[in-house]
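Q: Residue numbers (the numbering used here): 4 to 331.
Dropping the structure in here first, questions after.
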Amino acid sequence: MGARDRDKPEDSRIHIRGETTNLGETVPRGFLRAISIKDVPAPSAKQSGRLELAQWLTHRNNPLTARVLVNRVWQKLFGRALVTTPDDFGITGARPSHPELLDFLAVRFMEKGWSVKWLIKEIVLSRAYRQSSSRTHDADPDNVWLSRMTPRLIEAEALRDAVLAVSGQLDPYPPQKPFLDRYHPQRDAELSTFKPFMTTADLVDDHRSIYLPVVRGTLPEIFMLFNFAPPERPVAQREEVILPAQSLHMMNNPWIIEQAGHLARRVTTGGTDAPSRLTRLYELAFARKPTEIEINRASDFLGQDASEERWTSLCQTVLASAEFRVLR
Numbered sequence: 004m005g006a007r008d009r010d011k012p013e014d015s016r017i018h019i020r021g022e023t024t025n026l027g028e029t030v031p032r033g034f035l036r037a038i039s040i041k042d043v044p045a046p047s048a049k050q051s052g053r054l055e056l057a058q059w060l061t062h063r064n065n066p067l068t069a070r071v072l073v074n075r076v077w078q079k080l081f082g083r084a085l086v087t088t089p090d091d092f093g094i095t096g097a098r099p100s101h102p103e104l105l106d107f108l109a110v111r112f113m114e115k116g117w118s119v120k121w122l123i124k125e126i127v128l129s130r131a132y133r134q135s136s137s138r139t140h141d142a143d144p145d146n147v148w149l150s151r152m153t154p155r156l157i158e159a160e161a162l163r164d165a166v167l168a169v170s171g172q173l174d175p176y177p178p179q180k181p182f183l184d185r186y187h188p189q190r191d192a193e194l195s196t197f198k199p200f201m202t203t204a205d206l207v208d209d210h211r212s213i214y215l216p217v218v219r220g221t222l223p224e225i226f227m228l229f230n231f232a233p234p235e236r237p238v239a240q241r242e243e244v245i246l247p248a249q250s251l252h253m254m255n256n257p258w259i260i261e262q263a264g265h266l267a268r269r270v271t272t273g274g275t276d277a278p279s280r281l282t283r284l285y286e287l288a289f290a291r292k293p294t295e296i297e298i299n300r301a302s303d304f305l306g307q308d309a310s311e312e313r314w315t316s317l318c319q320t321v322l323a324s325a326e327f328r329v330l331r
């Protein structure tokens, strides 16, 4: 769906109480009066005004647009925004913890042609971003002053992709056809009956999560449990909560058990003895080698026979571990 200009654009009338049949005064097209910017052309009477609105939004003297975007990118990378109310920069919102930093990045962002790639690189190469997550004192419990990197849970999509990646089942390439192409008959039926045309069991695919459809009321179970943003409303910042159902999902879900089996077969074909296989497992899942204590503990669990079932259980334990789910 998209908007297109009418042959003869016109100003809209106020819809009193949101009713299209209860119309008030006509409101001329324009911009927010609270932000007055010189040298921005007013909407033309012969056009819709969308072009002028875009020019106003991205004008060099507009103080808000670049700040809002910089704040969102900072929040994504650090887990906590400089303005902790990312969808409210008004007087009812929170004040920035580092106003000079926010302004500096916003100005530089505009000077670099509004390049999000440049902005991300600028932040991740900073000393603040590359700090350890070790907590050396309790003076700043919420880490407002960026004395360390705050550990945080990875998002639902990244968790699903990580499970597929370490198990060797992830298809990193875009699908040849959109996912919903296989559901055309059911999709047409849904438009007339308002009934879901698929279930969570249908949302099985080895491509990255970004290629999965977001169908309201029918999300993959891992999304619903691990704090995916509700698709029925705009969400500026996702919740980060730990629930018992999350652990139960990692323990009992058939898809998780299946991926653990793939991981077990991938590990056991890459080495001849248990220590080398365990090293391979830890390198895949945690990007590090196991300690001697971890090798001994895992070897005791595997036993002498080291059956495929035992290896699958061990791999499932690794996938369910906090180290696999937490960014540090």
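Positions of the beta carbon are idealized from the N, C-alpha and C atoms, including for glycine.
Need the endpoints of the alpha helix (DSSP H) that G264 sits in, please.
A: Against the sequence shown, residue 264 aligns to sequence position 261. Annotation: the continuous alpha helix (DSSP H) that includes G264 extends over 257 to 271.
Q: Just to check, is the beta-carbon of S279 closer than 7 Å to a non-hydrogen atom of the ligand SAM?
A: As far as ligands go, the structure on display features none, and thus does not contain the ligand SAM.
Q: So, for F197: in the same chain, excluding its five sequence neighbours on each side, which residues have a beta-carbon less than 8 Å away from its beta-carbon?
A: Within the sequence shown, residue 197 is the residue found at index 194, counting from 1. Low per-residue confidence applies at F197: pLDDT is 49, beneath 50, and the placement is therefore not dependable enough to give any value.
Q: Is Q262 buried or exposed, if buried means 16 or more other CB atoms sit within 10 Å of its CB?
A: Counting from one through the sequence shown, the residue named residue 262 turns up at place 259. Looking at its Cβ environment, which holds 16 or more other Cβ atoms inside 10 Å, Q262 is buried.
Q: Output the distance between the C-alpha atoms of E114 and L35, rounded to the nearest integer angstrom.
A: For the purposes of this step, residue 114 is taken as the residue at position 111 of the sequence shown. For the purposes of this step, residue 35 is taken as the residue at position 32 of the sequence shown. Near 24 Å, if we compare the C-alpha coordinates of L35 and E114.
Q: Specify whether the region 215 to 225 and the region 155 to 169 touch according to this definition: at least 3 beta carbon pairs, one from each stretch, less than 8 Å apart.
A: yes
Q: CB-CB under 6 Å to N25, same chain, minus the five flanking residues each way: which ones, in chain order?
A: For the purposes of this step, residue 25 is identified with residue 22 of the sequence shown, where counting begins at 1. Excluding residues within five positions, the ones whose Cβ falls inside 6 Å are I19.
Q: Count the other CB atoms within 10 Å of the CB of Y285; is the residue buried (16 or more) or exposed (fewer)?
A: Residue mapping note: residue 285 aligns to position 282 of the sequence shown, counting from 1. Label assigned to Y285: buried.
Q: Would you mind stating whether A84 and Q78 have Cβ atoms separated by less than 8 Å?
A: Position 81 of the sequence shown holds residue 84. Position 75 of the sequence shown holds residue 78. In contact: A84 and Q78 (Cβ atoms closer than 8 Å).
Q: Comparing alpha-carbon positions, which option in I40, L67, P66 lies nearest E55?
A: One-based indexing of the sequence shown puts residue 55 at position 52. It is I40.
Q: With a threshold of 16 other CB atoms inside 10 Å of the CB of I17, please say whether the residue is buried or exposed.
A: Locating residue 17 in the sequence shown gives position 14, where the first residue counts as 1. Flag for I17 reads exposed.
Q: Can you tell me whether DSSP reads I296 as helix, strand or coil?
A: By 1-based counting over the sequence shown, the position of residue 296 is 293. Three-state DSSP puts I296 in a helix.
Q: Are the CB atoms of S250 and A323 nearer to each other than 8 Å?
A: Here residue 250 refers to the residue found at position 247 when the sequence shown is read from its first residue. Here residue 323 refers to the residue found at position 320 when the sequence shown is read from its first residue. Yes, Cβ-Cβ distance for S250 and A323 is below 8 Å.
Q: Which residues mark the beginning and the end of the alpha helix (DSSP H) in which E28 is found?
A: By one-based count along the sequence shown, residue 28 stands at place 25. Counting along the chain, E28 falls outside any alpha helix (DSSP H), though it belongs to the beta strand (DSSP E) covering 26 to 30.
Q: Starting from R75 and walking both ways along the alpha helix (DSSP H), at which residues does that stretch end?
A: Residue numbering aside, residue 75 sits at position 72 when the sequence shown is read from its first letter. Taken as a continuous stretch (DSSP letters only), the alpha helix (DSSP H) holding R75 covers 68 to 81.
Q: Cutting at 6 Å between CB atoms, please list the residues of its own chain near N146, excluding the five before and the five after it.
A: Locating residue 146 in the sequence shown gives position 143, where the first residue counts as 1. T153, listed in sequence order.
Q: Assign S2 to one of three DSSP states: helix, strand, or coil.
A: Summary: the structure shown does not reach residue 2, with the chain confined to residues 4 through 331, and so no result is reported for it.
Q: Specify the secondary structure class of T88 as computed by DSSP and reduced to three states.
A: For the purposes of this step, residue 88 is taken as residue 85 along the sequence shown, with counting starting at 1. Looking at T88 - three-state DSSP - the assignment turns out to be coil, as it is neither helix nor strand.
Q: Measure the C-alpha to C-alpha separation of R300 and L287 and round it to an integer number of angstroms.
A: For the purposes of this step, residue 300 is identified with residue 297 of the sequence shown, where counting begins at 1. For the purposes of this step, residue 287 is identified with residue 284 of the sequence shown, where counting begins at 1. Straight-line Cα distance between these residues: approximately 18 Å.
Q: Would you call S170 buried or exposed, if buried means 16 or more other Cβ atoms sit within 10 Å of its Cβ?
A: For this step, residue 170 is matched to residue 167 along the sequence shown. Buried, because 16 or more other Cβ atoms sit within 10 Å of the Cβ of S170.
Q: Which residues in the same chain as F231 place their Cβ atom closer than 6 Å to its Cβ, once the five residues preceding and following it in sequence are excluded?
A: Numbered from 1 along the sequence shown, position 228 holds the residue referred to as residue 231. Counting only Cβ-Cβ distances below 6 Å, and skipping sequence neighbours, we find A159.
Q: In angstroms, rounded to a whole number, what distance separates the CA positions of T23 and S51?
A: Here residue 23 is taken as the residue at index 20 of the sequence shown, counted from 1. Here residue 51 is taken as the residue at index 48 of the sequence shown, counted from 1. Cα-Cα distance, rounded: 20 Å.
Q: Could you tell me the boundaries of the beta strand (DSSP E) in which S15 lies?
A: Residue 15 sits at position 12 when you count from the first residue of the sequence shown. Here the beta strand (DSSP E) through S15 covers 15 to 18.
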